[in-house]
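**Q**
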Amino acid sequence: MIKNILKSGALLLLAVGMLAACKGKTTTAETENAESVAAKQCPVVFSADSAMAYVEAQCAFGPRVPNSEAHRQCGDYLVNEFRRQGLTVIEQKDDITAWDGKVLHNRNIIASYKPELTERILVCAHWDCRPWADADKDESRHRDPVMGANDGASGVAVLLELGRLLSQIDPKVGVDLICFDSEDYGRPYWAEGGDGSSDWCLGSQYWARRPHVEGYTARYGILLDMVGGEGARFHYEGYSLQYAQPIVGKVWNAAHTAGFGEYFPMRDGGYVTDDHVPLNEIAQIPTIDIIPFSRDAGSSFSPHWHTVNDTPENIAPATLRAVGQTVVQVLWEEQ
Ligand code: AHN
Ligand code: ZN
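Taken in order, the sequence shown gives residues 9 to 343; the numbers are from the working numbering.
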């Protein structure tokens, strides 16, 4: 709405006073104005409190491990919440056999804004929880499930808050918010089987081979994984640079424009096998991963990763906001 007014030259004078506090988007007049650098911020505010409430709502069901009652109930909650927001929801329910021979009742949930538009942006996260807290310092807890406040709920909470805001952001493209299932079912260290990489990301592998709409494509995709950690820093992820370097540039620039540059250092991180890999390699949609980078040895993304302490108390609303506002900025800039 605000954008439409600003784009109309005839209405600009009328709009200036009204929108002075709203920091409208670029017009010729504004780009020539010295203050226009700060004036590119999107006025729509991503709420940290709302996103935090969405983390808590998911965790209140318990660990959303595939085939569990908590998983079924949370899936229903996600579908209902996106529908309540006015989005069009398609569910992909299919049985997928995992590395251990178990049949997982996989449920990918796709919430679409303006499904009729062919130009689209995809934003995604996984919503399932890992059945095994196999990185816990207490070995006796390794077969307990992970609550997944950060590893699961955080990315989905950002998707839910984006769903609430999409009509205010009013992007000029369609948007698909995709919750992938069965990401975190990769083989634990004590088990045999699997090949160490294709046993992860089962829901996104399935979707990439069989998207919810025949012939589906998107300009690009953004994956959110573990976006709620205290003190998290998001470096450039390796596969994202390999397959979608311009999108990495776009998103990191948007973070800095939105005022959250300190969370997004413009430096290389590591390579992470995550849901964006099948999207890039199978669906051929250039997709980046926003995932925290830890310089520590090993593969820990945060101190609570794959431990029983990945709980809502250890989520920082400020981190959810930094990531969420960055994606809001990206969508708002999209024409
Ligand atoms: C591996 O550690 C193989 N992949 C990281 C992807 C992941 C796990 N994201 C959340 N949990
Ligand atoms: Zn995980």
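Virtual Cβ for every residue (Gly too), placed ideally from N, Cα, C.
Taking only the alpha-carbon atoms, compute the straight-line gap between E77 and R227 and give it to the nearest angstrom.
**A** When rounded, the distance between both Cα atoms is 36 Å.
**Q** Short of 7 Å in beta carbon distance, which residues of its chain neighbour L287, apart from the five on each side in sequence? Order them along the chain.
**A** Cβ neighbours of L287 beyond the five flanking positions: S212, A216, G229, I293, T295.
**Q** Which residue spans inside the segment 167-193 form an unbroken beta strand (DSSP E) run of at least 3?
**A** Listed in chain order, the complete beta strand (DSSP E) runs (minimum 3 residues) inside the segment 167-193 are 182-188.
**Q** With distances taken from CA atoms, which of V285, K258, V87, E222 is nearest L339?
**A** Taking only the C-alpha atoms, the option nearest L339 is K258.
**Q** Helix, strand or coil: which one does DSSP assign to H220?
**A** The answer is coil: DSSP assigns H220 none of H, G, I, E or B.
**Q** Could you give the C-beta distance for V97 and D103, rounded to a whole number, given that I count them as a contact under 8 Å?
**A** 20 Å between Cβ atoms; not a contact.
**Q** Taking contact to mean at least 3 C-beta pairs separated by less than 8 Å, is the segment 129-146 in contact with the segment 154-162?
**A** Verdict: yes, contact present.
**Q** Among T126, L185, Y214, G83, which has the Cα closest to the Cα of L106?
**A** Here the sequence assigns Ala to residue 106, which means Leu is not the residue at that position. Measuring from the Cα of A106, the nearest candidate turns out to be Y214.
**Q** Helix, strand or coil for V285? Go by DSSP, reduced to three states.
**A** Three-state result, V285: helix.
**Q** According to DSSP, what are the bridge partners of A266?
**A** Beta-bridge pairing links A266 to no other residue.
**Q** Among the residues of its own chain, which have a CB less than 7 Å from the CB of Q333, if the five just before and after it don't count?
**A** Hits under 7 Å: F54, A266, F268.
**Q** Let's test the definition: count the other Cβ atoms within 10 Å of the Cβ of M60 and tell me whether it reaches 16, buried, or not, exposed.
**A** It is buried - the Cβ of M60 has at least 16 other Cβ atoms within 10 Å.
**Q** Would you say H314 touches ligand 2, meaning its beta carbon is less than 8 Å from a heavy atom?
**A** Flag set: Cβ of H314 near ligand 2.
**Q** Considering Cα atoms alone, identify which of A199, Y193, D184, P254 is closest to Y224.
**A** For the residues A199, Y193, D184, P254, the minimum Cα distance to Y224 belongs to D184.
**Q** Taking 9 Å as the CB-CB cut-off, is G229 touching chain C?
**A** In the structure shown, chain C does not exist; there is a single protein chain.
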